[in-house]
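K.L.:
Quick one: structure below, then a few questions.
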Amino acid sequence: MNPLRFRVSAILFALMLAVLLSCATTGPGGKTSFIVIPTSQEVGIGAGMAEQVEASDTILDDQVWQDYITEVGNKVVAVCDRQDIEYHFKVIQSDQVNAFAAPGGYIYFYTGLLREMDSEAEMAAVMAHEISHVVARHGVKRLQSALGVAIAYELAFGGEGAGEAMDAAIGIGMGLLFADYSRGAEREADNFGIQYMVKAGYNPQGALGMFETLARLGGGGSSNVFEGLARSHPETQERIANANAQIVAMQPLPAGLTMNKSRYHQMLKRFPPKQ
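In terms of our numbering, the sequence shown is numbered consecutively and its last residue is 260.
This is the structure:
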């Protein structure tokens, strides 16, 4: 082999390897995946999506609730596997029964969903599930696939088209906001969500309560009642069985895990009447 050609090939291989390694990200449980979109751009996309969400929906005007949901969210964030971003939590005033996470840690709950919960632990279960999606970068992976190589490259490495690429990413991200995740992604979020809520001090019975609420509203299987929470998730009874098995495997659980029912019901009294 030509020595010069060999050296050039080795250098190109090293550069490609460096690029790939720079795109390696660690998700829940130390699981590694390759994502081209860097964290800074992920957060920028999420911020742009959050701006559009808050321009079209009514954010609950109650600082006590804002402080409350941020407190619960931060408890879960403190024990999650992703600490390189700032998380944001807000409540949308709507009877829609839903919650969602945008890339970069922007998490929203609807009052319609919160009214259906029976305890702070149930709210924490949904919170931990959505945080798990952010930790695993499920939304970013889905967005990266939808954007295609050219736009993802512009976001990752900049260039003349970086601004247009960001606008495109925000627009496509909004279109994907309520799209189905894969069942594998949902199972991963369920699994790590239960781990996170327990580490945050919440009784995992809250997760079972949340699944049972899903079954009550959705007839026991996937339905549109929970919108994105139910549509692509594994069948509810399957989720309950998986959660029960996981909780058994986690025994003995730490002492003092809370449900915080009374506090939660006091907070629900602050909501305005249904629309």
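C-beta: ideal position from N, C-alpha, C; glycine also.
Note that the structure is a prediction, hence the values are computed from the model and not measured.
#1: Tell me which same chain residues have a C-beta within less than 6 Å of the C-beta of residue 123, skipping the five on either side of it?
#2: Go through its chain and collect everything with a Cβ distance to residue 118's Cβ below 8 Å, but skip five positions before and after it.
#3: Looking at residue 161 and residue 121, is the spacing between their C-beta atoms short of 8 Å?
#4: In whole angstroms, what separates the C-alpha of residue 116 from that of residue 90?
#5: Between 81, 68, 237 and 182, which has its C-alpha nearest residue 107's C-alpha?
#6: Applying the 10 Å Cβ sphere with the 16-neighbour rule, what's the burial state of residue 99?
#7: One question on the structure: do residue 64 and residue 184 come within less than 8 Å of each other, judged by their Cβ atoms?
#8: Please work out which residues of its chain come closer than 7 Å, Cβ to Cβ, to residue 93, disregarding the five sequence neighbours upstream and downstream, and give them in chain order.
#9: Starting from the N-terminal side, write out each stretch of the beta strand (DSSP E) that is 3 residues or longer and does not extend beyond the segment 30 to 81.
#10: Mind checking residue 45: buried by the 16 CB within 10 Å criterion, or exposed?
#11: Could you say which of 157, 250, 179 and 201 lies nearest to residue 234 if we only look at CA atoms?
#12: I need the boundaries of the beta strand (DSSP E) containing residue 20, first residue and last residue.
#13: Roughly how many whole angstroms lie between the Cα atoms of residue 80 and residue 43?
#14: Could you give the residue range of the beta strand (DSSP E) that holds residue 85?
#15: Check for me: the beta strand (DSSP E) holding residue 181 runs from which residue to which?
#16: Could you tell me whether the Cβ atoms of residue 31 and residue 88 are closer together than 8 Å?
#17: Helix, strand or coil for residue 196, going by three-state DSSP, please let me know.
P.N.:
In terms of the structure at hand:
#1: Closer than 6 Å at the Cβ level, and outside the excluded window around residue 123, lie 166 and 170.
#2: 86, 124, 166, 170 and 174
#3: no
#4: 7 Å
#5: For residue 107, the nearest C-alpha among the options comes from 182.
#6: buried
#7: yes
#8: Excluding positions up to five away in sequence, the list reads 38, 75, 77, 84 and 85.
#9: 73 to 77
#10: The Cβ neighbour count for residue 45, taken over all protein chains shown within 10 Å, is at least 16; the residue is labelled buried.
#11: 179
#12: Bounds of any beta strand (DSSP E) do not take in residue 20, whose DSSP letter is neither H nor E.
#13: 11 Å
#14: 84 to 87
#15: Element bounds for residue 181: not the beta strand (DSSP E) but the alpha helix (DSSP H), 168 to 184.
#16: yes
#17: helix
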